[in-house]
Amino acid sequence: MLSIHKAEYQQKSTLRNLMELYKYDFSEFDPEDVNENGLYEYVYLDHYWTEAGRHPFLFRVEGQLAGFALIREIESEQGTNIYEMAEFFVMKKYRKLGVGAQAAIHVFNLFPGTWKVAEMETNEPAQVFWRKVIARYTDNKYQEVREPDWEGPIQIFNTK
Numbered sequence: 001m002l003s004i005h006k007a008e009y010q011q012k013s014t015l016r017n018l019m020e021l022y023k024y025d026f027s028e029f030d031p032e033d034v035n036e037n038g039l040y041e042y043v044y045l046d047h048y049w050t051e052a053g054r055h056p057f058l059f060r061v062e063g064q065l066a067g068f069a070l071i072r073e074i075e076s077e078q079g080t081n082i083y084e085m086a087e088f089f090v091m092k093k094y095r096k097l098g099v100g101a102q103a104a105i106h107v108f109n110l111f112p113g114t115w116k117v118a119e120m121e122t123n124e125p126a127q128v129f130w131r132k133v134i135a136r137y138t139d140n141k142y143q144e145v146r147e148p149d150w151e152g153p154i155q156i157f158n159t160k
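Under full-length UniProt numbering, think of the first position of the sequence shown as 1, with each following residue one higher.
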């Protein structure tokens, strides 16, 4: 059974540790190297407890940590809020079980409005996953766009 809860400040080290697993998985698609301490680090992690409009979530399956989502609210050029899936991770042992789709839909439902989900051009598995989840969630009512400051597809849609 999947449970999702907002990560409290006391769980920041847990999220930081999961972030290292995520960044390691992601290294297949991203040229970032580890630092001299052997860590990738995530420079925005602290911002999720110090800035408004950032929302960290942890996922558990049968009580065991299974992943996370980092949501960021950004303002559009028209002055409206857009929710952005900044980072999303499901541990490998929980993939292909529907955990990622369930978690994504749960998080989408928490924040009604316009959403953006972006994938790197080289991360084809993420593109397949997000297109499938978003198409099912929106009944194929989403746009896929390209933006000059991002190399890869971006899905834009409204939550129910």
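The beta-carbon is built from N, C-alpha and C at its ideal position, and this holds for glycine as well.
Small disclaimer: the values here were computed from a predicted structure and weren't measured.
Own chain residues within Cβ distance below 7 Å of residue i, not counting five before or after
i, result
"Gln127", "Glu119, Pro153"
"Lys41", "With the sequence shown as reference, residue 41 is identified as Glu, and Lys is not the correct amino acid for it. Only Asn35 meet the Cβ criterion."
"Ile134", "Val117, Tyr142, Gln155, Phe157"
Anticipated Cβ contact below 8 Å, residue i with residue j, distance rounded
i, j, result
"Ala103", "Leu15", "Going by Cβ atoms, the distance from Ala103 to Leu15 rounds to 14 Å, so no, they are not a contact pair."
"Tyr9", "Trp49", "5 Å"
Exposed unless 16 or more other CB atoms sit within 10 angstroms - verdict on residue i
i, result
"Lys116", "buried"
"Leu18", "buried"
"Tyr44", "exposed"
Sequence-distant residues of its chain with Cβ nearer than 6 Å to residue i (five each side left out)
i, result
"His47", "Arg54"
"Ile82", "Ile74, Ser76, Thr114, Lys116"
First through last residue of the alpha helix (DSSP H) which encompasses residue i
i, result
"Tyr22", "12–26"
"Asn158", "Not the alpha helix (DSSP H): Asn158 falls in the beta strand (DSSP E), residues 154–158."
"Val107", "99–110"
"Thr50", "47–50"
"Glu8", "Neither: Glu8 is in no alpha helix (DSSP H) and is coded neither H nor E."
Cut-off 8 Å between Cβ atoms - residues of its own chain near residue i, not counting five sequence neighbours on either side
i, result
"Val90", "Phe59, Ala66, Gly67, Val99, Gly100, Ala103"
"Asp25", "Phe89, Lys92"
First through last residue of the beta strand (DSSP E) which encompasses residue i
i, result
"Glu124", "Counting along the chain, Glu124 falls outside any beta strand (DSSP E), though it belongs to the alpha helix (DSSP H) covering 124–138."
"Asn81", "81–90"
"Gly63", "Careful: Gly63 lies outside any beta strand (DSSP E) and carries neither H nor E."
* Stretch pair the stretch 111–118 + the stretch 144–160: three plus CB contacts closer than 8 Å -> yes
* Asked: Do the stretch 93–102 and the stretch 138–150 make contact, defined as three or more Cβ pairs closer than 8 Å?
  -> no
* To do: Take every Cβ of the stretch 80–91, pair it with every Cβ of the stretch 62–69, and state whether three or more of those distances are shorter than 8 Å.
  => yes
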